[in-house]
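Asker:
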Amino acid sequence: MGSHTVKALFLDRDGIINVDYGYVGRYEDFEYVDGIFALIKRFEKAGYKIIIVTNQSGIARGLYSEDDFNALMSAVQQDFYQAGIGEVSVYFCPHHPEHGIGAYKKQCACRKPNPGMLLQAAEEHSVSLPLSIMIGDSWRDIQAGQKVSLSHCYFVSRKAPPAGAELGNVTQVTSLNDIPVPSSV
1 MGSHTVKALF
11 LDRDGIINVD
21 YGYVGRYEDF
31 EYVDGIFALI
41 KRFEKAGYKI
51 IIVTNQSGIA
61 RGLYSEDDFN
71 ALMSAVQQDF
81 YQAGIGEVSV
91 YFCPHHPEHG
101 IGAYKKQCAC
111 RKPNPGMLLQ
121 AAEEHSVSLP
131 LSIMIGDSWR
141 DIQAGQKVSL
151 SHCYFVSRKA
161 PPAGAELGNV
171 TQVTSLNDIP
181 VPSSV
């Protein structure tokens, strides 16, 4: 393996890319969060690889299929292209330990707060995790980022972090527009 030198911006999907209406599996129900295109473009310009890491328990619950999810995300990629954004990698966890159906019901290493999707993305894209950043709206996203020692995590929420949470490398913001792009090193 070559050295891992790529900086990545890891983005949760529901609540960060799109408004979280709960189990969004169809493009018709997909509404972008204000500021997401500008945010991605700013990080892309600063040399970050954009990677979506998303728990999709709607698949586990049988609300939509992996094919539905992939079709939706390829429509989203087309929107990104039209907005002048390059290729965005997508990693998803289709499992749920309690509510999964059939093979989808399992404890896995990929469901956040576990960092499996970040580790897989780092391996496949030569990402340096200590140079990378996570943006999420759930504390699970932040924990996944902390487990792999990302340089910083942005918690986009009006809710306080859980009691006893480790806040060392975390900044809480209420809007994507409040997230600064790190200066290039």
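UniProt numbering applies: residue 1 is where the sequence shown begins, and numbers increase by one. Backbone N, C-alpha and C define an ideal beta-carbon position, used for all residues, glycine too.
Taking C-beta to C-beta, are Arg13 and Ile51 nearer than 8 angstroms?
Answerer: no
Asker: Please confirm whether Ala46 and His125 have their CB atoms less than 8 angstroms apart.
Answerer: no
Asker: Give me the DSSP bridge partner(s) of Phe10.
Answerer: Ile51 and Met134
Asker: So, helix, strand or coil for Phe92, using DSSP?
Answerer: strand
Asker: Under a Cβ-count criterion, where at least 16 other Cβ atoms within 10 Å of its own Cβ denotes burial, should Val185 be classed as buried or exposed?
Answerer: With a pLDDT of only 48 at Val185, under the threshold of 50, the placement of this residue in the model should not be trusted; the figure read from the coordinates follows. Looking at its Cβ environment, which holds fewer than 16 other Cβ atoms inside 10 Å, Val185 is exposed.
Asker: Are residue 218 and Pro94 closer than 8 angstroms when you measure CB to CB?
Answerer: Absent from the structure is residue 218, since the part of the chain shown begins at 1 and ends at 185.
Asker: How many whole angstroms separate the CB atoms of Ser57 and His99, which I take to be in contact at a CB cut-off of 8 angstroms?
Answerer: About 6 angstroms separates the beta carbon of Ser57 from that of His99, a gap short enough to meet the 8 angstroms contact definition.
Asker: With distances taken Cα to Cα, identify the nearest neighbour of Asn55 among Leu150, Gly22, Val173 and Pro180.
Answerer: Gly22
Asker: If you compare alpha carbons, which of Gln172, Tyr81 and Ser151 is closest to Pro161?
Answerer: When Gln172, Tyr81 and Ser151 are compared, the shortest CA-CA separation from Pro161 is found for Gln172.
Asker: Short check: CB of Ser182 to CB of Gln143, under 8 angstroms?
Answerer: The sequence given here has Pro at residue 182, not Ser. No, these two residues do not count as a Cβ contact at 8 angstroms.
Asker: For Lys78, count the other beta carbons within 10 Å of its own beta carbon; 16 or more makes it buried, fewer makes it exposed. Which is it?
Answerer: One point to set straight first is that residue 78 is Gln, not Lys, in the sequence displayed. Result: exposed.
Asker: Go through its chain and collect everything with a Cβ distance to Thr174's Cβ below 6 angstroms, but skip five positions before and after it.
Answerer: Arg158
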